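Remarks on the structure that follows.
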Amino acid sequence: MQEKYIPKDIEQAAQAHWQSAQAFRAVEDTARPKYYCLSMFPYPSGKLHMGHVRNYTIGDVLTRHHKMRGFNVLQPMGWDAFGLPAENAAMQNKVPPAKWTYDNIAYMKKQLQSLGFAIDWSRELATCRPEYYRWNQWLFLRMLEKGIAYKKTQVVNWDPVDQTVLANEQVIDGRGWRTGAPVEKREIPGYYLGITQYADELLAALDTLPGWPERVKTMQANWIGKSYGVRFAFPYELEGRQEKLWVYTTRADTIMGVTFCAVAAEHPLATRAAQGNAKLAAFIEECKQGSVMEADIATMEKKGMPTGIFVAHPLTGERVEVWVGNYVLMGYGEGAVMAVPAHDERDFAFAKKYGLAIEQVIDVTGKTYSLDAWQEWYADKQNGVCINSGKYDGLDYQQAIDAIAADLKAKDLGDQQVQFRLRDWGISRQRYWGCPIPLIHCDSCGTVPVPDDQLPVVLPEDCVPDGSGNPLLKRPDFLNCVCPKCGKPARRETDTMDTFVDSSWYYARFASAGAKTMVDSRAPYWMPVDQYIGGIEHAILHLLYSRFWTKVMRTLGLVSYDEPFADLLTQGMVLNHIFSRRTDKGAIEYFAPDEVELVRDEGGHVAGATSKADGQPVDYGGIGTMSKSKRNGVDPQALIEQYGADTARFFMMFASPPEQTLEWSDSGVEGAYRFLKRLWAFGVALKGGVSPTLTSAASGLRREIHLLLKQANYDLGKLQFNTVASAAMKMLNALEKSPADPHAREGLSILLRVLSPITPHICHALWRELDFGDDILAAPWPEPLEAALVQDEIELVLQVNGKTRGSVRVPAGADRAAIEAAAVASEAAQKFMEGKPAKKVVVVPGRLVNIVV
RNA sequence: GCCGGGAUGGCGGAAUCGGUAGACGCAGCGGACUCAAAAUCCGCCGCCGCAAGGUGUGAGGGUUCGAGUCCCUCUCCCGGCACCA
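Residues in the first sequence are numbered from 8 upward in steps of one, following the numbering used here.
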């Protein structure tokens, strides 16, 4: 046995063992309970970052723990391989995106393997491979047949110089990122998926996911944004035509208080009114300019201008003026609102500013209005009844809405309607490196779907985009084809699919890897994913799209489950310290944490930092996410080379609970390494034989180890891995104190098994070196023995008037009276009772006794 | 503004059902080994106090024999959504 802990040797040997034993290959076996553990697959950007290491270590701990518990475990890995970064890299390096992507995959796969993850590599997939994306295309065609996929025009960012469509992140300050040319808005046709058809189910089914974090569920619920209201119209006559101004409201009970209407600047009525009204046209332009993205939009002043157009109140027929308001959004509802200043805060502010009428129509406990300032109760719908509302007087919120909606319906001017914030999902991208949309354009037949037997439509992998337009347009071999309907020459669709499509069903493909259909009979065995792990940044889009995709597959009869992910863990980000300095020219210069020296005061508190290069002070910028620009990233590869994978894994698990952010600490990594060195040294010592004279046999070691084991098992159930790591450290501390205890070997065997999911390599090596067995993965997970936990005498905390004053030892079987007597008689109790009699004695069995005087 | 989550030593973080607050680790201090350094090992380590003791989990109040944990009010921080009609 090697005297010194040499991680590199140990880790290579362990990994070779797992490889030759095919230890992580998952085979369907209905006789055993299954556990499908999945971490979000990475985008192959070049190399792993710390966020990946954390994500996959969490998944691996769960995987190995369940394996040792006897579950049939699947932990696969793949690559989210289509996307824009590959095209950017291609332009820079003049290399096809495919080559860049495949090279990155090869390198990152090696990195993952060097971390010793228990991955079934036989199920590896990359979304850019035709055998994967053909099923994107196949399912898209099924959606087209079902009316779930459809075509409509969409507005895109157009770079007039490069003649190309830009993604939102490629537009910087309204200009193309490459050309600097002002970006134009263009309307082009695109394909949409009808996620709104599933809006109700996507919302309701959130309640069937108890294993999801509350905040993810609220984020999705907000995103779906269901509201109940009434859609109705104000009729009007313009240029001799009868027309209707449609609005949506959740407060139809206040309809009798309408004093004006407001429309968005982009509303057709606003556009029409602006013709021949230069002032209004200028105002509309100003509204469109407004910084729609900024957060200060909330404090933006309410502004408006009358259009001069009047509409009729649908119930009273009164004339109501239409205004253009900068607080009305074209993208929500009808782009127009009824305004009830008395019962809506924004309408109130607007009406006050422009001197418009305010009419109270809801009464709350007889309060009366003042126009001085907005009061909360003006908008109270729970406790109000209608007043000044004619036949609706006295009705409460729901009664009024029902009555008013019925009257509107009778006049054919509206009805109750449920409204969602959620929009259909536009999936067309005018990009090269993505899954081709399987359609053919024929001059005589129009748009024709590619027949199933001609799938997949294969994307050529040798294109090098140059930034000017879609390179597929310059590829006659891709572009030219034959119309499947009439056989005449036709042209292939060059748009590709949003990459969120690729990641919406990969988990199901892992469960039927290599199948000749989209999914096969193995999928029902593994699905749904038991534990999904990934970053909170995917809380809405990826997770919502995956849930939608699952429901579509179920509608098509491909799967029978409703939800793809039973439990979800969102791991926290990895943070590090930021150091910077302002240069003479005023620019900010960042320093990597290993380039600065911390300056401490006498108490050890960090007082500042200096540059190692020039000794001059640098500014401490707090902690933030690891990023290239701030130079505070830590390269996992360097860490593995210096300390080994086990140290990296241990530190990641120990430093913080999985859901919380993790602060990087070089000395914390050192501490993890120190622990593993001590563990190895203890293994060496125990193997060499320990002199029994060192310590007495009755050290209490066994009880201590089993207590810690109980704790560790409890924490594993809570996914609180930091305290599992801590329990392992405590076990080693105890073992080191009593190496000659007759139960030291048993203790070490427990420690190794508890620790092995976190640091599998060193535990694998020690397990074999100390002849516990051939493979620790095959060892049963340890359970605490009740027999090891019992004790003859127990120590109870002694309190007097609720304050801790010491402790009393009593026999384990002592009854209440005996405990009370022992407690009152104790020296500490007598001292603090000051001769007064005990008024009451509280005994908490096994824990404490409290004497009240 | 609304929704969700937080606030515990110099730092990361423990504390399962309301029962010894600060486990474990980092940093720091003292010591051993060494010519010396690194590594390693031993001890100390919330705050005030020589000590006895007091005090202490964002602030204030409450329930309780007993509150970091439960209830009420407030402050601040993080995340999400947001002129959503």
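Each residue gets a CB set at the ideal place from its N, CA and C atoms; glycine is no exception.
Since the model is a prediction, treat every value here as computed from it, not as a measurement.
Nearest-angstrom Cα separation, counted from residue j out to residue i
{"i": "D450", "j": "V457", "result": "15 angstroms"}
{"i": "V162", "j": "I291", "result": "20 angstroms"}
{"i": "T524", "j": "R141", "result": "10 angstroms"}
{"i": "E800", "j": "V815", "result": "10 angstroms"}
{"i": "G218", "j": "Y109", "result": "36 angstroms"}
{"i": "E293", "j": "A412", "result": "36 angstroms"}
{"i": "R353", "j": "N639", "result": "45 angstroms"}
{"i": "E570", "j": "A96", "result": "36 angstroms"}
{"i": "D782", "j": "H750", "result": "22 angstroms"}
{"i": "A20", "j": "G123", "result": "11 angstroms"}
{"i": "T702", "j": "L742", "result": "Note on T702: pLDDT 46, under 50, position unreliable in the model; the coordinate value appears next. Distance between the alpha carbons of T702 and L742 is about 11 angstroms."}
{"i": "R516", "j": "L213", "result": "24 angstroms"}
{"i": "W381", "j": "A349", "result": "9 angstroms"}
{"i": "L148", "j": "A93", "result": "27 angstroms"}
{"i": "R561", "j": "D127", "result": "27 angstroms"}
{"i": "S475", "j": "P167", "result": "10 angstroms"}
{"i": "G264", "j": "I365", "result": "8 angstroms"}
{"i": "M300", "j": "K192", "result": "Note that M300 has pLDDT 36, beneath the 50 cutoff, so the model's placement of it is unreliable and the number below is only indicative. Spanning the two alpha carbons is a distance of roughly 17 angstroms."}
{"i": "L91", "j": "D473", "result": "13 angstroms"}
{"i": "L132", "j": "G631", "result": "33 angstroms"}
{"i": "K359", "j": "A417", "result": "34 angstroms"}
Check whether residue i and residue j have beta carbons under 8 angstroms apart
{"i": "T261", "j": "G236", "result": "no"}
{"i": "D447", "j": "P496", "result": "According to the sequence displayed, residue 447 carries Ile and not Asp. Not a contact, by the Cβ cut-off of 8 angstroms."}
{"i": "L575", "j": "P220", "result": "yes"}
{"i": "S672", "j": "D626", "result": "no"}
{"i": "L777", "j": "A735", "result": "no"}
{"i": "R760", "j": "A786", "result": "yes"}
{"i": "G201", "j": "Y139", "result": "no"}
{"i": "L209", "j": "I231", "result": "yes"}
{"i": "I65", "j": "Q667", "result": "no"}
{"i": "Q424", "j": "Y404", "result": "no"}
{"i": "W432", "j": "Y199", "result": "yes"}
{"i": "M738", "j": "G754", "result": "yes"}
{"i": "A408", "j": "Q367", "result": "It is worth fixing the name first, because residue 408 is Ile in this sequence and not Ala. Their beta carbons are not under 8 angstroms apart, which means I408 does not touch Q367 by this criterion."}
{"i": "L55", "j": "Q118", "result": "yes"}
{"i": "L683", "j": "D653", "result": "yes"}
Strand pairing of residue i, partner residues [DSSP]
{"i": "F598", "result": "F586"}
{"i": "G809", "result": "Partner(s): none; G809 has no beta bridge."}
{"i": "H448", "result": "T454 and R498"}
{"i": "L855", "result": "V804 and V851"}
{"i": "P443", "result": "T503"}
{"i": "C470", "result": "Its beta-bridge partners do not exist; DSSP assigns none."}
{"i": "V606", "result": "G615"}
{"i": "R326", "result": "A319"}
{"i": "K158", "result": "Y198"}
{"i": "I630", "result": "H584"}
Proximal residues to residue i (C-beta, below 7 angstroms), its chain only, five neighbours per side dropped
{"i": "S756", "result": "F779"}
{"i": "V80", "result": "A33, Y42, C44, T70, H73 and K74"}
{"i": "R182", "result": "A188, P189 and V190"}
{"i": "V172", "result": "V163, N164, W165 and Q437"}
{"i": "R130", "result": "P83, F517 and A520"}
{"i": "H549", "result": "F507 and S510"}
Cβ shell of residue i (< 6 angstroms), same chain only, five flanking positions each side left out
{"i": "G58", "result": "V581"}
{"i": "I316", "result": "A280 and V329"}
{"i": "K619", "result": "E602 and E604"}
{"i": "R428", "result": "G232"}
{"i": "S597", "result": "With the sequence shown as reference, residue 597 is identified as Tyr, and Ser is not the correct amino acid for it. For Y597, where only same-chain residues beyond five positions count, the Cβ hits under 6 angstroms are S587, K637 and R638."}
Residue i Cβ short of 7 angstroms to the ligand FAD heavy atom set
{"i": "N164", "result": "With respect to the ligand FAD, the structure offers nothing, as it holds no ligand at all."}
8 angstroms CB neighbourhood of residue i in its chain, flanking five on each side removed
{"i": "G342", "result": "V270, A271, E273, H274, V335 and L336"}
List, from N- to C-terminal side, the alpha helix (DSSP H) runs of 4 residues or more that fit wholly inside the region 487-554.
DSSP runs (the alpha helix (DSSP H)) wholly in the region 487-554: 506-509, 513-517 and 530-533.
Could you tell me which uninterrupted beta strand (DSSP E) segments, each at least 3 residues in length, are contained entirely in the region 229-274, listed from first to last along the chain?
Entirely contained in the region 229-274, the beta strand (DSSP E) runs reaching 3 residues are, in chain order, 234-245, 248-256 and 267-270.
For the region 396-439, which segments carrying the beta strand (DSSP E) assignment without a break, of at least 3 residues, lie completely within its bounds, in sequence order?
Counting whole runs of 3 or more residues, the region 396-439 contains the beta strand (DSSP E) stretches 421-426.
May I have a chain-ordered list of the alpha helix (DSSP H) segments no shorter than 4 residues that lie completely inside the region 350-401?
Within the region 350-401, the complete alpha helix (DSSP H) runs of at least 4 residues are 352-361.
Can you give, in chain order, each stretch of the alpha helix (DSSP H) that sits fully within the region 770-801 and has at least 4 residues?
Runs of the alpha helix (DSSP H) inside the region 770-801: 793-796.
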